[in-house]
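In my numbering, the protein residues as written are 94 to 290. Every residue gets a Cβ at the ideal spot worked out from N, C-alpha and C, and that includes glycine. Take a look at the structure set out below.
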């Protein structure tokens, strides 16, 4: 993924967090987003990460991180503990999609989810050419990808409707991190959603 896209994704998420709010960052990686939210927004919160090296990197970044597997749920967190529960570029890697979305909105007032849009025109072109796509937001080859799911904006919105989740806001970005307003399911590479009940 490009740095421009990473900044655009983080910029958007940071703009939704009000000063002093509590944030839980699931699949937090090295803690870069949470560190930014703490430094720039005065946020309070935790990260959850599975990978050993990323947990150590998050600790080195000064993040309170819990090593855990999202597939096992968020039983260690009480209901409505956080203002925002963030799952940035991780939803496509989890096996139990509905469960994690439900858990996010159990422990938080709002879920913030971002994911690569498989219906992005470059991905469609790769499939039409007979190959699985490799792009800025889908940077892995088919044989080494951590992604379990490939879905589109329309697929995600259909799931939200089925689960009774309210889409409070949707922003779609292209590979350069610019907002896409026309034909987002075709022209958008990365989608970022704010969800509630």
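| task | Please classify residue 111: does DSSP put it in a helix, a strand, or coil? | result | Note: residue 111 maps to coil in three-state DSSP.
| request: On a CA-only basis, which of 218, 263, 172 and 149 is nearest residue 196? Give me that one, please. | output: The candidate whose alpha carbon is nearest that of residue 196 is 172.
| Three-state secondary structure (DSSP) of residue 96 | Interpretation of residue 96 is limited by its pLDDT of 43, a score under 50 that renders its predicted location unreliable; no figure is taken from the coordinates.
| message | Looking at the strands, I want to know which residues DSSP matches up with residue 233. | response | Residue 233 pairs with nothing; no bridge assigned.
| task | Classify residue 226 as helix, strand or coil using the three-state DSSP reduction. | result | Three-state DSSP puts residue 226 in coil, outside helix and strand.
| query | Where residue 286 and residue 145 are concerned, what is the direct C-alpha to C-alpha distance, given to the nearest angstrom? | reply | Put simply, the backbone Cα of residue 286 is about 28 Å away from that of residue 145.
| Contacting residues, own chain, Cβ-Cβ under 6 Å from residue 96 (five flanking each side not counted) | Unreliable positioning characterises residue 96 in this predicted model, as indicated by a pLDDT of 43, which lies under 50. A coordinate reading is not provided.
| Selection from 262, 248 and 263 that minimises the alpha carbon distance to residue 256 | When only C-alpha atoms are compared, the closest one is 248.
| If residue 246 sits next to residue 259, beta carbons under 8 Å apart, how far is it from one beta carbon to the other, in whole angstroms? | Rounded, the Cβ-Cβ distance is 16 Å, inconsistent with contact.
| Do you know offhand how far residue 156's Cα is from residue 135's? | The C-alpha of residue 156 lies about 13 Å from the C-alpha of residue 135.
| message | I need the straight-line Cα distance from residue 114 to residue 235, nearest angstrom please. | response | C-alpha separation (whole angstroms): 38 Å.
| In this structure, does DSSP put residue 130 in helix, strand or coil? | Three-state DSSP puts residue 130 in a helix.
| query | Just the Cα atoms here: how many angstroms apart are residue 159 and residue 169? | reply | Straight-line Cα distance between these residues: approximately 10 Å.
| So residue 278 is in the alpha helix (DSSP H); what residue range does that whole segment cover? | Looking at the DSSP string, the run of the alpha helix (DSSP H) that includes residue 278 is 277-280.
| So what's residue 117 in DSSP terms, helix, strand or just coil? | Strand.
| message | Mapping the DSSP letters down to three states, classify residue 284 as helix, strand or coil. | response | Three-state result, residue 284: strand.
| For residue 278, is the classification buried or exposed, using 16 other Cβ atoms within 10 angstroms of its Cβ as the cut-off for buried? | Flag for residue 278 reads buried.
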